[in-house]
Amino acid sequence: MSESTDSPTDFIRQKVAADVAAGKHGGRVQTRFPPEPNGYLQIGHAKAICLNFDIAKEFGGLCNLRFDDTNPEKESDEFVRAIQDDIRWLGYDWAKICYASDYFEQLFTWALQLIESGDAYVDELSPDDIRAYRGTLTEAGKNSPYRDRPVAESLGLFQRMRAGEFEDGKMVLRAKIDMAHPNMNMRDPVMYRIKRLHHHRVGDAWCIYPSYDFTHGQSDAIEGVTHSLCSLEFEDHRPLYDWFIQKLGIFPSQQTEFARLNLTYTVVSKRKLRTLVEGGHVMGWNDPRMPTLSGMRRRGYPAAAIRSFCRAVGITKTPSTSDIALLEHAVRDELNRTAPRRMAVMQPLEVELTNWPEDKVIEVVGHNNPGDESAGSRKLPFAKRIFIEQEDFREEANRKFFRLKKGGEVRLRHAYIIKCDEVIKDANGEITKLLCSVDMATLNKNPEGRKVKGVIHWVSADHAREAPVRLFDRLFSVEKPEADKAREFLEFVNPDSLTATTVLCEPSLAEMKPGETCQFERIGYFCADTEESNLGHPVFNRTVGLRDSWAKQDQAS
RNA sequence: AGGCGAUUGGUGUAACGGUAGCACACUGCCCUUUGAAGGCAGUAGCACAAGUUCAAAUCUUGUAUCGCCUGCCA
């Protein structure tokens, strides 16, 4: 699943292509990615980022990064910075970085214009009354008593709102549309509210802030965005989006909605991710189990794999839940091509090579990537005492088990074929050690007259380095943690999603730099953690395990 | 007096009136100094009903099911 060069042909790209062909906006294409800086980006945002930036690129257009910072309540510079880092890491760069807050003055002027044209009014109803007057899904709302106040009065009040003459929540500016509209968003939506909050960019310059609806389309218009792509929940807002543009007579950006991404065995809503962090269910926003970009980055997911995944799930209007296995496939696919191979043993079983001279140490050569000659090779020490994986030995097993068994032979990866002659056990009958003999004629050579099928990994006991490892499993133990409305999603958090253990690894692994990823042969892909690794002492995160068809087969039998 | 949108194998998608294809997952076989990767094969699908048409996944209507909407959030 490498990133293909031919472009996808989803309905949005078809629409953009048709617009270009028709000469709309002179064939110009411009998009934007508009996050609110109130949280960390997650895999769902990655889908939107890829869509917007890729479309701009494919059609020779521009894509801006625009922070939708109209509500200072939960917004901060920390998020502004983290979002930029995540987007760059994903592999994208913006034409311009914009802030809705840069348009506050213009927005205010436009609000004045709508008041003057009789399309907006200052309402003094309380929040509770506004709700009550709005009506319900099946009943029309009713007009506010302030709805038909004179234009001049609204004008004066709105100016005074800005001047800070009224308390928070005392009044709002509303669009005058239709309180009986079947679309709730058209029942005189709020355009401005009074909030005495410090804004991360404009400071205390304003005490009134525009709403999303009165900001987004105008921001698109100011920047000249031709295609304003957003998720399905804004479908109901499109009539409003168009209404403001039409009333204001500004550049007609067009909004198109697509389904957001959902993933099995996880949650992606900001609120729920926050709950996981604040409830201590994970170590933080960048916990490797989190579907955040920072979490996936820390876990070792390559940016290219995430892009590839986003391309694979496509863009539609059908709400759906993608299988996390598809994401994992994209990760393995990328890592299989790029990650150097190494050897490490998770559950060591000592093996003494009886016919190997006591002090003899040789170096064998291991290829870094069998599928990529250019990846080169490294040397591995081989000596009398080695460790193999406990599960690679069975005293007795059928022929399906082609690893080491008593009296049987197996290939040590990159080294010799050995034969198990004797099994040493302790008083409890637990296997403590294997005595094996080496077939000296089999280094990088197959024996004559017999075929040895199994290959297992190993490390030299005297040369192995011990390193901490964290194994991650799915964050939730059910496919759709949000599906059961009667139960809180937290009930489904997988108690075994994190396992801390250690590995014995080949010497070269001690040199792994934080953030680097390799494959532990026959086990999985691991990266050196960026937070907890020290020079010469990596702490490994298991990015994803290798596919294991033997485990399935063994389990089935 | 509700509105808007959606519905194609287990999952995610393609098709734009003319043989339902791809990927993931799953199953079997081959290959292999990673039981990985790779190769080959296989299982499995148009929500339902009417209508238009020589011909419907595709157009029309109805039904069902699901999603979103009653923040001074975005």
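For what it's worth, the working numbering labels the leading residue of the first sequence as 643, then goes sequentially. Ideal Cβ placement from N, Cα and C applies to all residues, glycine included. Being a predicted model, the structure only gives us computed values, none of them experimental.
- Query: Terminal residues of the continuous beta strand (DSSP E) containing residue 673?
  - Reply: 672 to 675
- Query: How about residue 938 and residue 685: do their beta carbons lie closer than 9 Å?
  - Reply: yes
- Message: For residue 876 and residue 1195, what's the separation of their Cα atoms in angstroms?
- Response: Roughly 47 Å between the two C-alpha positions.
- Message: Please state the DSSP three-state secondary structure of residue 1000.
- Response: Under the three-state reduction of DSSP, residue 1000 is assigned to coil, being neither helix nor strand.
- Limits of the alpha helix (DSSP H) - the one that residue 938 falls within: 935 to 941
- Query: Just to confirm, are residue 1117 and residue 924 a CB contact at a threshold of 9 Å?
  - Reply: yes
- Query: Which residue spans inside the stretch 908 to 979 form an unbroken alpha helix (DSSP H) run of at least 4?
  - Reply: 912 to 920, 935 to 941 and 945 to 955
- Query: By how many angstroms is the C-alpha of residue 908 removed from the C-alpha of residue 1120?
  - Reply: Spanning the two alpha carbons is a distance of roughly 9 Å.
- Item | Where the alpha helix (DSSP H) through residue 1190 begins and ends | Residue 1190 -> no alpha helix (DSSP H), and no H or E assigned at all.
- Task: Round the Cβ separation of residue 701 and residue 677 to the nearest angstrom and send it over; I've been treating them as touching at under 8 Å.
- Result: That belief does not hold up - the Cβ atoms of residue 701 and residue 677 are roughly 22 Å apart, past 8 Å.
- What does a CB cutoff of less than 8 Å around residue 647 pick up in its chain, not counting 5 residues either side in sequence? Residue placement at residue 647 is flagged as unreliable, the pLDDT there being 49, under the threshold of 50; the coordinate-derived value follows with that caveat. If we look at residue 647 and ignore the five residues flanking it on each side, it has no Cβ neighbours.
- Say yes only if the C-beta of residue 842 is nearer than 8 Å to one or more non-hydrogen atoms of the ligand ATP, and no if none qualify. Within the structure as shown, the ligand ATP is missing, as the structure has no ligands at all.
- Task: Evaluate residue 672 with the Cβ neighbour count: other Cβ atoms within 10 Å of its Cβ, from every protein chain shown; 16 or more gives buried, anything less gives exposed.
- Result: By the 10 Å Cβ count, residue 672 comes out buried.
- To which residues of the same chain is residue 833 closer than 7 Å at the C-beta, ignoring the five residues directly before and after it? 753, 762, 815, 816, 817, 852, 853 and 856
- Looking only at its own chain, which residues have a Cβ that is under 7 Å from the Cβ of residue 1010, when we skip the five neighbours before and after it? Listed in chain order, the non-local C-beta contacts of residue 1010 below 7 Å within the same chain comprise 982, 983, 1017, 1018, 1019 and 1020, local neighbours out to five positions each way being set aside.
- Query: Between the C-alpha atoms of residue 1127 and residue 1070, what's the straight-line distance to the nearest angstrom?
  - Reply: 50 Å
- Query: Ordered along the chain, which non-local residues of its own chain (more than five positions away) have a Cβ less than 8 Å from that of residue 880?
  - Reply: 897 and 899
- Message: Under DSSP, the alpha helix (DSSP H) around residue 769 begins and ends at which residues?
- Response: 769 to 776
- Query: Residues bridged to residue 832 by DSSP?
  - Reply: 816
- Task: Report the rounded CA-to-CA distance for residue 1144 versus residue 1151, giving the unit in angstroms.
- Result: 13 Å
- Short Cβ contact (9 Å threshold) for residue 765 with residue 803: The criterion of a C-beta distance shorter than 9 Å is not satisfied by residue 765 and residue 803.
- Item | Rounded separation between residue 1054 and residue 979 - CA only | 23 Å
- Query: Curious, which full-length beta strand (DSSP E) runs of at least 3 residues does the stretch 853 to 894 contain?
  - Reply: 869 to 873
- Query: Any idea what DSSP makes of residue 661, helix, strand or coil?
  - Reply: Looking at residue 661 - three-state DSSP - the assignment turns out to be helix.
- Message: For residue 692, report the span of its alpha helix (DSSP H) as first-last.
- Response: 685 to 700
- Message: I need the DSSP call for residue 899, collapsed to helix, strand or coil.
- Response: strand
- Message: Judging by CA-CA distance, which residue of 1131, 843 and 797 is the nearest neighbour of residue 745?
- Response: For residue 745, the nearest C-alpha among the options comes from 843.
- Query: Of the choices 692, 840, 828 and 757, whose alpha-carbon is the least far from that of residue 796?
  - Reply: 757
- Item | Straight-line Cα distance separating residue 1123 from residue 724 | 27 Å
- Residue burial classification, residue 1082 (beta-carbon count within 10 angstroms, cutoff 16): exposed
- Message: Going by DSSP in three states, residue 649 sits in which element: helix, strand or coil?
- Response: In this structure, residue 649 counts as coil in the three-state DSSP scheme.
- Query: Thinking just about the alpha-carbon of each residue, which of 1173, 740 and 1159 is nearest to the one in residue 706?
  - Reply: 740
- Item | residue 1079 to residue 1049 span [Cα, whole Å] | 10 Å
- Query: residue 703 and residue 670 look like a contact to me (Cβ under 8 Å); what is the Cβ gap, rounded to whole Å?
  - Reply: 6 Å
- Message: In the DSSP assignment, the alpha helix (DSSP H) including residue 1043 goes from what residue to what residue?
- Response: Unbroken run through residue 1043: none, as it is neither H nor E.
- Item | the stretch 1177 to 1185 in contact with the stretch 1153 to 1166 per 3-pair CB rule at 8 Å | yes
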